[in-house]
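Colleague: Please find one structure pasted underneath; my questions will follow.
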Amino acid sequence: MHTLSLLIETSGRMCSCALADGDTVVALEQAEEPNAHSAKLAVLVDTLFRTTGFKYPDLSFVALSIGPGSYTGLRIGASSVKGFAYALDIPVVAVPTPLILAKTAADRHPGSYVLTMIDARRMEVYSNIFDPALVTVKDCSADVLTEDIYDGYLSGCDSVVLVGDGAPKTRVLFGNKPNYHYDDAVELSAYNMAVPAHEKFLKKEFEDVAYFEPFYLKSFVAVRSQVKGLY
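Counting in the working numbering, the sequence shown runs from 3 upward without gaps.
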């Protein structure tokens, strides 16, 4: 029996979506330009079904990368997922965005701890720490970076892999930590949602379609434009 899922990732700069049969991705579409979620997401999803031959009613569930990340991107993704859930009467699975990064990093670096860092502007990041089995060591939090901020969690670890779009700005700050390693090839993608999304589906860990919200972590702050007449 097929368990077809639609996986949507809009928390980062490049939105993507995928179709998965169980925990195996069968097709992937990704925007070619950054921050084009509102213009491209529906087109990407339509392309998935058109090129694979699957139909929307074939879906067993829809999954969203729940955040933290881009406030606007998360809102777009959540609205899209709710639309599919209501129209098709299927459940919604929420996959924490740091777990997507951590799963990818763990596959590439077996035995290493994983520090995920999502950029939150300036010297702030949304960070999570996972052990080699992807058990959470530190819950997701908004951190102002300092040289020793994660030493209490990671100083005794032989190998720590740092991933996410917030990681590069720590290269100088963490330059004296020989057990820290960076993997810039680990990127947010709907492709890497298949396994955790399918696991949640099997456990029936579904969201309340009417009331669930993305995990913003911090409140949205609007920045007033410096151009006269614009908000």
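C-beta atoms are modelled at their ideal positions from N, C-alpha and C, and glycine is treated no differently. Bear in mind the structure is a predicted one, so any value in this text is a computation, not a measurement.
Can you tell me the Cα-Cα spacing of K202 and F208, whole angstroms?
Modeller: Looking at the two C-alpha atoms, the distance is approximately 8 Å.
Colleague: Where does D1 sit, in a helix, a strand or coil, going by DSSP?
Modeller: What is shown of the chain runs 3 to 233, which leaves residue 1 out entirely.
Colleague: Does the contact criterion of 3 or more C-beta pairs under 8 Å hold for the stretch 154 to 162 versus the stretch 57 to 67?
Modeller: They do not touch, by the three-pair rule.
Colleague: Among L76, V27, I120, which residue has its Cα nearest to the Cα of V165?
Modeller: Here the closest residue by C-alpha is I120.
Colleague: Looking at C-beta atoms only, is the number of pairs between the stretch 127 to 137 and the stretch 99 to 111 that lie closer than 8 Å three or more?
Modeller: Enough Cβ pairs lie closer than 8 Å, so yes.
Colleague: At what residues does the alpha helix (DSSP H) containing L76 begin and finish?
Modeller: It spans 73 to 90 - the alpha helix (DSSP H) in which L76 sits, taken as one unbroken run.
Colleague: Indicate whether E31 and L9 have their beta-carbon atoms separated by less than 8 Å.
Modeller: No, Cβ-Cβ distance for E31 and L9 is not below 8 Å.
Colleague: Bridge partners for E31 per DSSP, in chain order?
Modeller: DSSP lists C19 as partners of E31.
Colleague: Have a look at the DSSP bridge pairing and note the partners of V211.
Modeller: V211 is not bridged to any residue.
Colleague: Grab the span of the beta strand (DSSP E) containing D121 for me, first residue to last.
Modeller: Residues 115 to 121.
Colleague: Return the chain-ordered ranges of every alpha helix (DSSP H) run that is complete within the stretch 143 to 213 and spans a minimum of 4 residues.
Modeller: Here the runs fully enclosed are 153 to 156, 196 to 204.
Colleague: So, for S40: in the same chain, excluding its five sequence neighbours on each side, which residues have a beta-carbon less than 6 Å away from its beta-carbon?
Modeller: Same-chain partners within the cutoff: I78.
Colleague: Going by the DSSP bridge assignment, what does L43 pair with across the sheet?
Modeller: Note: L43 sits in no beta bridge, so no partner.
Colleague: Specify the secondary structure class of T5 as computed by DSSP and reduced to three states.
Modeller: Of the three classes helix, strand and coil, the one that applies to T5 here is coil, per DSSP.
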